[in-house]
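Numbering (the UniProt record's numbering), first residue to last: 1 to 225.
We put the beta carbon where it would ideally sit given N, CA and C, even for glycine.
Below you'll find the structure, written out as structure tokens, and then a few comments.
Below you can see the structure in the form of structure tokens.
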């Protein structure tokens, strides 16, 4: 398994290379954001371990760029432990987040978990409703055969709904999953992103048939009968 490690701290870069190599990973390194993006494009790693505070191109920008063409798992390893930094990275498309200093065993466990998730993704279903097709493995949406571009946050809102057809998904569940437990009262976030999803996916966005609101409680995905 090939892992791209990107960090502007040479000591951390060296330590991660030694640790991962010792555990059987093929390691590629990059010392800044631009180099990380180039390595992601040319080396095609199976997983990316990424710092946020890098020169030339910050980590969030790297994540956004990479997410434009691949679903490769991204594990952020950053000294920024504040909620804002985590939310920015996860909204951009990161899959997990570890705060420095980290325990080696925790880092390895998270890498293994992301690796399993990537392997399991090959068996994910394709969900269809109306003229929309949601490919959960590829994290892609098509409407009437044409690609529909969703932002990482829109996808993060849509995915749990599509995975739970006809079941109520509460506002608190979605808010916690997408923005973290500190945002359980920020229901306005959901209204904004559900409105955007309806414009992209519903036949009549003002009269939704598939992405339904349960007022004051949550949302429900209803596929075709």
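Identity of the residues DSSP links to residue i by a beta bridge
i: residue 140; result: 135
i: residue 147; result: 142
i: residue 2; result: 26
i: residue 78; result: 99
i: residue 128; result: 133
i: residue 168; result: 220
i: residue 47; result: 3
Continuous alpha helix (DSSP H) stretch holding residue i: start and end
i: residue 176; result: 171 to 179
i: residue 31; result: No alpha helix (DSSP H) contains residue 31, which DSSP labels as neither H nor E.
i: residue 182; result: Note, residue 182: premise wrong, no alpha helix (DSSP H); not H, not E.
i: residue 226; result: For the chain, the structure presents residues 1 to 225; residue 226 sits outside this window and is missing.
i: residue 88; result: 83 to 92
i: residue 61; result: 59 to 66
Collapsed DSSP secondary structure at residue i in the structure displayed
i: residue 217; result: coil
i: residue 222; result: coil
i: residue 201; result: helix
i: residue 9; result: coil
i: residue 52; result: coil
i: residue 107; result: helix
i: residue 212; result: strand
i: residue 71; result: coil
i: residue 121; result: Note that residue 121 scores a pLDDT of 49, beneath 50, so its modelled location is shaky and nothing firm can be said.
i: residue 206; result: coil
Contact under 8 Å by Cβ, residue i with residue j
i: residue 111; j: residue 72; result: no
i: residue 197; j: residue 186; result: no
i: residue 143; j: residue 201; result: yes
i: residue 59; j: residue 15; result: no
i: residue 114; j: residue 98; result: no
i: residue 67; j: residue 92; result: yes
i: residue 136; j: residue 125; result: yes
i: residue 40; j: residue 4; result: yes
i: residue 148; j: residue 157; result: no
i: residue 8; j: residue 54; result: yes
- Pairing CB atoms from the segment 26 to 42 with CB atoms from the segment 81 to 94, are three or more of them under 8 Å? no
- Looking at C-beta atoms only, is the number of pairs between the segment 163 to 171 and the segment 212 to 219 that lie closer than 8 Å three or more? yes
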